[in-house]
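Just below is one structure, and these are the notes that go with it.
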Amino acid sequence: MQISGQGALITGGASGLGLATARRLAADGAHVTIIDLSTSKGAEIADELGGLFVPADVTSVDEVQDAVAQAQAVAPLRVVVNCAGIAPPAKVLDRDGNPAVLADFESIVRINLVGTFNVLSQASAVIVKNPVDSDTDTRGVIVNTSSVAAFDGQIGQPAYAASKGGVHAMTLPVARELARYGIRVVTIAPGIMETPMLMGLPQAAQESLGQQVPHPSRLGRPDEYAALVQHIVENDYLNGETIRLDGAIRMAPK
Ligand code: NAD
């Protein structure tokens with residue numbers, strides 16, 4: 009499906025991978041709507057891109073429903089990219105052997121997994137009412153963001169890995185269900201990408217992480233993620249699949 013002229017909704021679009029995606033899709037001529045937290049730089053970025061910012065928490069049914077309706081009012085919604093997410097470490101046991109705080113586990117799964125499902129289901133309900141794109145027999149494309157942690161999660165990542173494993177696991181059943189409406193669903197599992205989520209680490213830790221990548225031996229660039237989103241939207245035969253974008257890294261236990 010061509011990108012120019014399509015309505016595109018990007019969650020987490022105020023930072024990192026979502027921001028790079030919003031920039032690339034806008035440059036390709038999409039009408040971009042960004043969903044992010046009210047504390048984010050979403051408004052500024054939407055101004056820069058000539059798009060729309062709707063402050064919303066991806067875990068809220070009402071806020072996401074409203075955001076999807078606002079996106080659809082700008083241009084028929086055809087592209088949805090789920091980038092909102094958090095990655096705080098949370099071990100099973102703390103230093104003193106106490107069990108994890110259950111609410112920490114729940115909030116990571118809620119934002120990364122439940123939030124992704126909330127956005128894709130609310131958006132699908134709108135996309136199915138839009139006409140099929142006659143060139144491609146497609147109504148829309150949904151791109152989700154998993155992580156290599158879904159496959160080789162590290163110590164401290166049980167909640168993050170579980171949430172991202174869930175995003176990977178639901179890709180096929182969701183693609184199968186939405187196929188009859190002409191909606192494709194593809195998930196990207198990034199490796200270690202150069203975004204604010206990672207930039208909080210000391211420089212030495214970032215370099216060491218980069219050196220663990222077989223080739224190219226560096227962190228991934230947000231625009232490399234955005235370029236894959238662009239390809240997924242444009243390649244009508246990609247569906248029901250999770251694509252690793254990771255320079256062949258396989259994460260060590262820690
Ligand atoms: P980031 O922190 O730069 O951006 C994430 C954005 O999501 C932020 O703007 C944040 O405000 C927003 N957000 C967080 N919680 C939200 C909520 N409840 N509702 C709405 N918006 C919310 O991070 P990033 O590195 O760009 O990560 C994007 C996605 O990619 C995440 O799902 C992350 O887990 C995944 N990922 C990142 C990496 C990496 O190395 N950076 C690797 C694998 C997967």
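Those letters in the sequence shown? Residues 9 to 262, per the working numbering, in order. Where a beta carbon is used, it is the ideal one built from N, C-alpha and C, also for glycine.
Nonlocal neighbours in the same chain, by C-beta distance under 7 Å from residue i, ignoring five residues either side
{"i": "A22", "result": "I42, D44, S48, K49, G50, I53"}
{"i": "V6", "result": "Absent from the structure is residue 6, since the part of the chain shown begins at 9 and ends at 262."}
Beta-carbon proximity list for residue i, same chain, < 6 Å, skipping 5 on both sides
{"i": "P97", "result": "G164"}
{"i": "F61", "result": "I42, G50, A51, A54"}
{"i": "L246", "result": "V194, I240"}
CB of residue i within 9 Å of CB of residue j, strictly
{"i": "G161", "j": "I119", "result": "no"}
{"i": "G190", "j": "V117", "result": "no"}
{"i": "I150", "j": "V182", "result": "yes"}
{"i": "R31", "j": "R86", "result": "no"}
{"i": "G173", "j": "D254", "result": "no"}
{"i": "I240", "j": "R192", "result": "yes"}
{"i": "V237", "j": "L57", "result": "no"}
{"i": "T144", "j": "D70", "result": "no"}
{"i": "A170", "j": "L217", "result": "no"}
Heavy atom of the ligand FAD within 8 Å of residue i beta-carbon
{"i": "D44", "result": "This structure lacks the ligand FAD; the ligands present are the ligand NAD."}
Residue i CB to nearest heavy atom of the ligand NAD below 8 Å
{"i": "D65", "result": "yes"}
{"i": "V225", "result": "Here residue 225 turns out to be Ser, not Val, going by the sequence shown. No."}
{"i": "V88", "result": "no"}
{"i": "K172", "result": "yes"}
{"i": "P84", "result": "no"}
{"i": "P204", "result": "yes"}
{"i": "T153", "result": "yes"}
{"i": "I268", "result": "Summary: the structure shown does not reach residue 268, with the chain confined to residues 9 through 262, and so no result is reported for it."}
{"i": "A92", "result": "yes"}
{"i": "A256", "result": "no"}
Integer Cβ distance of residue i from residue j, believed to fall under 8 Å
{"i": "A197", "j": "T250", "result": "5 Å"}
{"i": "V127", "j": "T19", "result": "6 Å"}
{"i": "P230", "j": "G24", "result": "6 Å"}
{"i": "Q130", "j": "Q73", "result": "5 Å"}
{"i": "G123", "j": "V66", "result": "3 Å"}
{"i": "T29", "j": "Y233", "result": "7 Å"}
{"i": "V134", "j": "V76", "result": "5 Å"}
Close Cβ partners of residue i (< 8 Å) along its chain, the five nearest in sequence each way excluded
{"i": "M207", "result": "Q214"}
{"i": "F125", "result": "M178"}
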